[in-house]
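Numbering (the working numbering), first residue to last: -8 to 297.
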């Protein structure tokens, strides 16, 4: 049984050591493909793999077709839109993610971005504080729960909306549940986005929704680029000089945003949410454990395709 770790951006050595311990401890073979520069290298490497661990690497129909023995792909992280789920299902391949392993890292980054924004990007001018502000958490999953936990330490009023999480679950965490995205954005000075990129959510963060936010509003996006309606974001920020947007997913219109909204807009050079040593280690080892459990016991707990 061969487990391939295919990572264009490699795991830290301590993470690879942990993965090796899990995989070889189960009696399986471990193969590494790190820092590859051409898709053909990936296609060659998957030819005899039974399982693959990836990060942001693309597993599309071509990769799946080349992996004749493949049984499972695990994305070390929460998001999995870099895997063609339909093609995987058609090929009889189980796809999993590792929810929760990166959650604290993403939540801490969200607050780093918030503080940076409300203090006017550290430009030497007088900013504002987060204490007493109303924070809206859009999607109350693992990351959203961690954001709520940290927000309480900042003494913020915390609200949340999640179409798939019952209000009583949210309220149990000491967070005020609202019954619609519109209500969340109307109520909150700051909104932190944690929704996945799905057919329903793509471009859903639009002018009409954002314009409901009160004066001096801040949107923090550590979720996905695709959920933002970028042309409508430009329209909103042109009309509302009080509005700020910070993100760790650089938008397609980054140059335009930077030119037009300097001092109100910031994007990191690359996605940073899970880029901590701890998250790197946790997600990689969790992926290895899930593969071993799947192959030995048939456990599909974290399966994300049908």
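For glycine and all other residues, C-beta sits at the position ideal for the given N, C-alpha and C. From a predicted model like this one, the values you see are computed outputs, not experimental measurements.
Task: Span separating the alpha-carbon of residue 170 from that of residue 49 - done: 36 Å
Task: Close beta carbons around residue 122, own chain, < 8 Å, minus the five adjacent residues each side - done: 145, 146 and 147
- [ ] Use the C-beta contact count for residue 20: other C-beta atoms within 10 angstroms, 16 or more gives buried, fewer gives exposed.
- [x] exposed
Open item on the list: For residue 205, tell me which candidate among 176, 216, 39 and 116 has the shortest Cα-Cα distance.
Closed with: 176
Task: Secondary structure, beta strand (DSSP E): runs of 3+ residues fully inside the region 175 to 228 - done: 181 to 184 and 209 to 212
Open item on the list: So, with DSSP's three-state summary, where would you put residue 120?
Closed with: coil
Task: residue 317 burial status per 10 Å Cβ neighbour count (16 or more: buried) - done: Here the chain has residues from -8 to 297 only, and residue 317 is not among them.
TODO: With residue 144 as the anchor, note down where its alpha helix (DSSP H) starts and where it stops.
DONE: 133 to 144
Task: Status (buried if at least 16 other CB within 10 Å, exposed otherwise) for residue 194 - done: exposed
Open item on the list: Please identify the residue among 107, 138, 37 and 143 whose C-alpha is closest to the C-alpha of residue 93.
Closed with: 138
Task: CA-to-CA distance, residue 23 to residue 37, given in whole angstroms - done: 11 Å
- [ ] Report, in whole angstroms, the separation of the C-beta atoms of residue 241 and residue 258, which I expect to be a contact under 8 Å.
- [x] 4 Å
Open item on the list: Are the CB atoms of residue 219 and residue 130 within a distance shorter than 7 Å?
Closed with: no
Task: Coil, strand or helix - residue 258 by DSSP - done: strand
Task: Distance, residue 143 Cα to residue 152 Cα - done: 17 Å
- [ ] State the Cα-Cα distance for the pair residue 250 and residue 222, rounded to the nearest angstrom.
- [x] 15 Å
Open item on the list: In this structure, how does DSSP classify residue 235 when only helix, strand and coil are distinguished?
Closed with: strand
TODO: Let me know the secondary structure DSSP gives residue 86 once reduced to three states.
DONE: strand
Open item on the list: What does the alpha-carbon distance come out to for the pair residue 7 and residue 178?
Closed with: 45 Å
- [ ] Check each candidate in 232, 188, 192 and 197 and name the one with the smallest Cα separation from residue 207.
- [x] 232
Open item on the list: According to DSSP, simplified to helix, strand and coil, what is residue 169?
Closed with: coil
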